[in-house]
Structures are given as structure tokens and as C-alpha cells.
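Going by the UniProt record's numbering, the sequence shown opens with residue 1, and the numbers climb by one from there.
Built from N, CA and C at the ideal position, the CB exists for glycine as well.
None of these values were measured; they are calculated from a predicted model.
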Amino acid sequence: MSAGINVAILGATGAVGTEIIQLLEERNFPIAKLKLLASPRSSGQEISFRGETLTVEEVTADSFKDVDLVLASAGGSTSKTWAQTIVDAGAVMVDNSSAFRMEDNVPLIVPEVNPEAASQHQGIIANPNCTTILMGLAVFPLHQVQSLQRLIVATYQSASGAGAKAMAELKTQAQAILNDETPTATAFPYPLAFNVFPHNSPLNEQGYCQEEMKMVKETRKIFGDSQLRISATCVRVPVLRAHSEAINLEFAEPFAVGKAKAILAEAPGVELREDWENNYFPMPNEATGKDAVFVGRIRQDISHPCGLELWLSGDQIRKGAALNAVQIAELLVKENLLKTTASAVSV
1 MSAGINVAIL GATGAVGTEI IQLLEERNFP IAKLKLLASP RSSGQEISFR GETLTVEEVT
61 ADSFKDVDLV LASAGGSTSK TWAQTIVDAG AVMVDNSSAF RMEDNVPLIV PEVNPEAASQ
121 HQGIIANPNC TTILMGLAVF PLHQVQSLQR LIVATYQSAS GAGAKAMAEL KTQAQAILND
181 ETPTATAFPY PLAFNVFPHN SPLNEQGYCQ EEMKMVKETR KIFGDSQLRI SATCVRVPVL
241 RAHSEAINLE FAEPFAVGKA KAILAEAPGV ELREDWENNY FPMPNEATGK DAVFVGRIRQ
301 DISHPCGLEL WLSGDQIRKG AALNAVQIAE LLVKENLLKT TASAVSV
């Protein structure tokens, strides 16, 4: 491989890990050596990268020797298990799990929103939840211009948010129903095909699920506003890939629709998609596989003079996970931030 840095992908055979490998090649990320790491059951698999065949290795305590950057997407427990080893080895970990997102000493970054936070890392940088990333791209450019007072969001989350198994199960369930058979569910508590149900993560005492509270807490941290009023309702829908969100924004003063559209048309990572005459707006099947978050149906909230409504669709595996992680890695390289600034982390 060409000159660059030594990179390890932890969870290389999963949906996000696979996408990360593809993006590193697509975006010509500067890699001297790429190491693919996974659990014992996935070790030995062969993956092509830049014309070479790489073999997936079982992760061990020696896996991170001479590694500069670890892109982790193997789940929270795995990240917690290996975080200290990674940092002690002198590498920086960009973690896709929720394990460290709310830790005070761990930056939570969307590069288009708060890239300055990267300079504060102590060996770990957290990738936000997919729904938080997609929403942040659409909302933060408006918040920068006119202070946001309140945010209400409803999500329409695809099967792929639960991995490849959930996507395959959705197809199987749909076929079963079309054949007048009873579908079975293992990836979710209930069959998703031809169905809709609230997100199945655990509920708190207030009745909000874990996924909803991730959006609340993570957005506050990324925006740097611990008092921002946010409420979320997260829902699973029978879509294979790409999430959608309906967002209501309340500002301190009226926000002209034309002004909002002009801002979002120029916002990084956002693609404005609206054709009011033909009732055409963002759709998940068009957002699938795309880097940008598609935003549209921007309109005045008829119930509030300072309110705006908008709709978005975005690929949660790509920008909602893998692409955001790779962009963080690109930021670290560009700003020369790959050296760990602390010898220990809180795990």
C-alpha cells in the first residue's frame, strides 16, 4: 500500500465495518497498512482492498501494536474491552458504539458541525448515533443563523439499523406474508414487514426509549447547549435501508422559509430535494448509498409563528455511521491530531 498511516478496523466484517473499508478505498484515505480485526468466528475471511486480498484477524492484545488509528464498529462491549489497550498502544480510536458518547473527556463529533472538538480528544472520539448525525446536518446550519429554542423529531428507521440480519429477515417476512404464511421475528420483537412499531430499545421512567434519549443527549452535547429542549419519537418502519425524520423547529424569532432553504442549499453534507408541483421530496430508497442527507418539504409551522417543519432521508449506515467515522479520521489526519494526548481513558 502507499505511504500513509497504519489503520485497524475493529468489526471489519459487520455492516458498518464493510462500509468503512469501501469508503477508505473510495476516498483514497492515506493508508500505509490496513489491519482487519473481528471476532474469532469471522477471522480468516478474505476481503479485497485496493487490489490486495486481506485476511481478517482475530482481535488480540497485540493487534494494535504500531497502529495509528482504530475505526471501531464492533459494539459497545467490544469497544469497552479494547479501548484502554488501543490508547496505551498510542493509537486513536474512533468508536461507532454508544459506549463513550456521553463521557466528558470524549468528543462526540459530526465533522460538518463541531470539528473543533477533535482537538480535545484523549485517545477516543465517539461517533454519534445515526439518527443524531442525520438530524444534526439538517438542523445545525439553521441553529447557527438563528438560535433554536425547541426541537421535536419523529424518526422512521429502517431495518438496516439493526444490521444485515434484520434486513434479511424483513425480506423473508414480506415473502411469507405474500404467501399467506405467518412471519416469524428474531431481529425485532415483532415482524417488521407490512408493520410499524415504536423503537424496541429499553424505556425509561418517563416513557422515552433509549434511542430517543440518545437523540436528546447527543444533540445537546454536539450543539454545546445542555438546555436545548428536545423531544423524540423513534419508530421502526418496513424499509430496508436509510432512515427518515420529520422535524419541527421552534426559534426565538420567525425564520423565513426562503432563508432556511437558501442556508440548507449551501450546507455541507446536505442536498436540498424539493419539487412542490409534483409533490416530490426526500425518500429513503433514493438516499440509500448516498453520502448526503436529503432534506426537503421545508415549510412554515402553521401552529407557531416561529416554527419550521422539514423532512429528511439519509443512509444511516453511510453518513449515519461509516462515512462520519471516516470523515473524523480525515479530520484527524488533516489537523495532525493522531497522537494520543493522554495515557489513560475512563472505561
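Discussion item. Relative to the C-alpha of His128, which candidate in Met135, Leu108, Pro141 has its C-alpha closest?
Written reply: Residue identity differs from the one stated: residue 128 is Pro in this sequence, not His. Closest by alpha carbon: Leu108.
Worksheet entry | The beta strand (DSSP E) enclosing Phe251, as first and last residue numbers | 243 to 251
Item to complete: Compute the Euclidean distance between the alpha carbons of Asn324 and Thr18, then round it to the nearest angstrom.
Response: 14 Å
Worksheet item: Hey, how far is the Cα of Lys221 from the Cα of Ser97?
Response: 16 Å
Worksheet item: How big is the Cα-Cα spacing for Glu330 and Gly4?
Response: 12 Å
Worksheet item: Would Phe294 be called buried (16 or more neighbouring beta carbons within 10 Å of its own) or exposed?
Response: buried
Item to complete: Flag this pair as yes or no: are the beta carbons of Glu169 and Leu192 separated by less than 9 Å?
Response: yes
Discussion item. What would DSSP say about Met213, mapped onto helix, strand or coil?
Written reply: helix
Worksheet item: How is Thr13 classed by DSSP in three states: helix, strand or coil?
Response: coil
Discussion item. Which same chain residues end up closer than 6 Å to Ser343 when comparing Cβ atoms and leaving out the 5 residues on each side of it in sequence?
Written reply: With a pLDDT of 41 at Ser343, under the threshold of 50, the modelled position of that residue is not reliable, and no figure is offered here.
Practice prompt. Compute the beta-carbon to beta-carbon distance between Pro198 and Val235, rounded to the nearest angstrom, for a pair I have assumed lies under 8 Å.
Written response: 6 Å
Practice prompt. List the residues that DSSP assigns as beta-bridge partners of Met93.
Written response: Val70, Ile124
Discussion item. Suppose you measure from the CA of residue 348 to the CA of Leu312; what does that come to, to the nearest Å?
Written reply: The structure shown does not extend to residue 348, since the chain is modelled only from 1 through 347, so no value can be given for it.
Item to complete: If I'm right that Leu264 touches Ala159 with Cβ under 8 Å, what's the distance once you round it to whole angstroms?
Response: About 28 Å separates the two Cβ atoms, so there is no contact after all.
Item to complete: Determine the direct distance from the alpha carbon of Gly320 to that of Val237, and round the result to whole angstroms.
Response: 17 Å
Practice prompt. Assign Thr13 to one of two classes, buried (16 or more other C-beta atoms within 10 Å of its C-beta) or exposed (fewer than that).
Written response: buried
Worksheet entry | Selection from Gly289, Lys261, Trp276 that minimises the alpha carbon distance to Pro141 | Lys261
Item to complete: Go ahead and pull the three-state DSSP assignment for Phe223.
Response: helix
Worksheet entry | Beta-bridge partners of Lys290, as assigned by DSSP | Paired residue(s): none; Lys290 is not in a bridge.
Worksheet entry | Rounded straight-line distance, which links the Cα of Gly163 to that of Asn200 | 14 Å
Worksheet item: From Thr219 to Glu181, what distance separates their C-alpha atoms?
Response: 42 Å
Worksheet entry | Rounded straight-line distance, which links the Cα of Ser119 to that of Lys334 | 11 Å
Worksheet item: Applying the criterion that 16 or more other CB atoms from any shown protein chain within 10 Å of the CB defines a buried residue, is Glu274 buried or exposed?
Response: buried
Discussion item. For Ser42, which residues in the same chain have their Cβ closer than 6 Å to its Cβ, ignoring the five residues on either side in sequence?
Written reply: Thr13, Val56
Fill in: Neighbour-count burial assignment, Thr186, 16 or more Cβ in a 10 Å radius
exposed
Discussion item. Quick check on the DSSP output: the beta strand (DSSP E) that includes Leu36 runs from which residue to which?
Written reply: 31 to 38
Discussion item. Check for me: the alpha helix (DSSP H) holding Gln175 runs from which residue to which?
Written reply: 164 to 178
Worksheet item: Which term fits Lys65, buried or exposed, when burial requires 16 or more other beta carbons within 10 angstroms of its beta carbon?
Response: exposed
Worksheet item: From this set, Phe100, Asn105, Val239, which residue's C-alpha is nearest Gln157's C-alpha?
Response: Val239
Fill in: Three-state secondary structure (DSSP) of Pro111
coil
Worksheet item: Going by other Cβ atoms of all chains shown within 10 Å of its Cβ, with 16 needed for buried, is Phe223 buried or exposed?
Response: buried
Worksheet item: To the nearest whole angstrom, what separates the beta carbons of Ile298 and Val257, a pair I think is in contact under 8 Å?
Response: 6 Å
Discussion item. Just to check my reading of the structure: Ile328 and Pro111 have Cβ atoms closer than 8 Å, yes? What is that Cβ distance to the nearest angstrom?
Written reply: 6 Å
Discussion item. Let me check understanding here. Comparing Cα to Cα, which of Glu253, Met283, Ile31 lies closest to Ser147?
Written reply: Glu253
Worksheet item: Who are the near neighbours of Glu46 in its chain, counting only those whose CB is closer than 8 Å to its CB and skipping five residues on each side?
Response: Thr53, Leu54, Thr55, Val56
Item to complete: With distances taken Cα to Cα, identify the nearest neighbour of Ile125 among Ala83, His143, Met135.
Response: Ala83
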